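The structure under discussion appears below in the form of structure tokens.
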Amino acid sequence: MHGELWLYLVGGVLLASLLLHEPLLFIVCLILLLTGIVSQLWDRYCLVGLSYRRQLGQTRAFFGEEVPFTLEIVNAKPLPLAWLEVEDTMPGTTLPVTPGHLGPSHMPGRRLLSILMSVRWYERVRRHYSVKAGARGYHPFGPATLRTGDVFGFSSKEVQFEKEDYLLVYPKIVSLEHLRLPPKDPFGDVPVQKQWLFEDPLRTVGVRDYTPTDSPRRIHWKATARSQELQVKLLEPTTTYRLLVLLNVSTSIHNWAWAGYDPELLEAAITVAASLANWGVEQGYQIGLSANARAYRSRAALRLPPSRDPRQLMHVLEALATIVPMATMGVDSLLELEGHDLAFGTTVGVVTATTDEALLRQLQRLRRGGHRPAVFLIGRAAAADFDGVPVHPIRVEDTL
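FYI, my numbering numbers position 72 of the sequence shown as 383, with every residue one higher than the one before it.
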């Protein structure tokens with residue numbers, strides 16, 4: 312409205328200069344009037360036909376990987392843009408962008424990638440960048456703000472593109488030697504009879520008559536009802552070893568959400584958990600993951616039972632990448648819950664930054680149940696074992 316009043320004022324002076332026969336004033340007013348009209352047209356149509364797109368080269372990346380991405384601006388109209396400022400929100404300093412200048416942002420933990428350019432009529436401009444995956448997590452890119460205006464700088468308009476893109480960065484994986492763990496087997500002595508035949512409770516291959524030495528848990532009630540005699544399940548024998556990585560996200564002895572957490576200890580624990588899972592796959596284990604926390608955008612506790620799925624390691628790494636650093640229960644309670652469903656002979660690796668008597672009791676209970684527990688204690692010195700349970704102290708600097 313102020314711009315239109317200014318145009319009316321200049322038009323009135325222009326008319327007066329004609330009546331008073333003032334050629335110099337007429338020329339000046341004419342230039343100002345044309346400038347104002349052009350500025351108004353530019354201000355009205357500068358955002359018409361303007362589009363913006365961000366395209367990541369991939370949506371998942373391993374720690375330390377370089378991920379390319381492209382920013383594309385299209386000006387689909389005959390009006391050129393003398394200047395265009397782009398501010399796109401980037402994840403933060405943990406994921407550096409090259410080449411480009413990252414400035415501060417009003418959003419916590421985020422940075423702004425700023426670009427200043429000019430775009431001609433019907434022109435498509437692409438800028439190519441790369442981001443280094445320097446921190447695990449589910450990292451958002453966006454929203455973006457585009458700002459432009461008339462060539463004289465009298466006015467400007469902006470538009471925001473709310474679309475966000477996400478990059479999932481898997482946690483860091485290091486070798487057991489780097490963690491100062493026994494590379495052959497970090498869970499203590501291997502049983503002498505390596506090729507023990509276990510029975511898989513999830514795979515029934517038939518039934519047979521009941522004998523007094525059979526456990527009541529193995530009774531097949533449907534077959535018993537059909538034959539009118541007690542029948543028990545015949546389970547498939549297996550030499551497959553199972554490894555359950557159990558992660559405690561709490562970095563203090565008290566599970567108080569308001570007290571916060573130690574980021575270094577938590578990231579070190581997640582790195583150790585990911586490294587153990589990777590080692591288990593290399594050794595032929597069926598791996599699983601359990602944690603006393605939720606994954607991002609999930610309401611259920613994080614739980615992945617050991618599985619034969621060839622993509623199980625990717626599922627485990629994805630869960631660790633998106634874990635929320637807020638404990639939902641104590642690690643001893645989690646261990647007690649998991650102990651009810653563990654197959655006989657399962658190896659359990661407890662990754663934790665804290666220990667107490669309740670955890671020790673649950674570890675001893677697992678040992679008595681025929682399992683093979685071990686503790687990986689982050690950031691603290693520890694004794695050689697907890698009454699026979701191997702305990703491996705791991706320094707935070709060894710996970711970097």
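Here a beta-carbon is modelled for each residue, glycine too, at the ideal position from N, C-alpha and C.
Keep in mind that this is a model prediction, so the values were computed, not measured.
Query, Result
"Determine the direct distance from the alpha carbon of Thr657 to that of Arg683, and round the result to whole angstroms.", "6 Å"
"Does the beta-carbon distance from Asp643 to Ala611 come in below 7 Å?", "no"
"What is the rounded straight-line gap between the Cα of Gln506 and the Cα of Glu578?", "A caution first: Gln506 carries a pLDDT of 42, below 50, which makes its placement in the model unreliable, though a value can still be read off. Going by the C-alpha atoms only, they are around 36 Å apart."
"What are the start and end residues of the alpha helix (DSSP H) that includes Lys533?", "Trp532 to Ser538"
"Can we say the stretch 626-642 touches the stretch 530-543, given the rule of at least three CB pairs closer than 8 Å?", "no"
"Taking 7 Å as the cut-off, decide whether the C-beta atoms of Val659 and Leu677 are in contact.", "yes"
"Tell me which same chain residues have a C-beta within less than 7 Å of the C-beta of Gly699, skipping the five on either side of it?", "Arg678"
"Quick one: what does DSSP say Trp394 is sitting in, helix, strand or coil?", "strand"
"Going along the chain, which residues of its own chain have a beta-carbon closer than 8 Å to the beta-carbon of Asp520, five neighbours each way excluded?", "Glu540, Leu541, Gln542 and Val543"
"Going by DSSP in three states, Trp456 sits in which element: helix, strand or coil?", "Residue identity differs from the one stated: residue 456 is Thr in this sequence, not Trp. Note: Thr456 maps to strand in three-state DSSP."
"Is the stretch 400-414 touching the stretch 345-362, taking contact as three or more C-beta pairs under 8 Å?", "no"
"Cα separation between Val408 and Val442?", "4 Å"
"Whole beta strand (DSSP E) runs in the stretch 588-669 with 3 or more residues, listed along the chain?", "597-605, 612-615 and 658-663"
"Which ranges would you report for the beta strand (DSSP E) in the stretch 332-384 if only whole runs of at least 3 residues count?", "361-367"
"For Lys495 and Glu488, what's the separation of their Cα atoms in angstroms?", "10 Å"
"Hey, how far is the Cα of Ala685 from the Cα of His450?", "33 Å"
"Considering only C-alpha positions, which residue in the set Gln594, Ala393 and Val436 is nearest to Ser466?", "Ala393"
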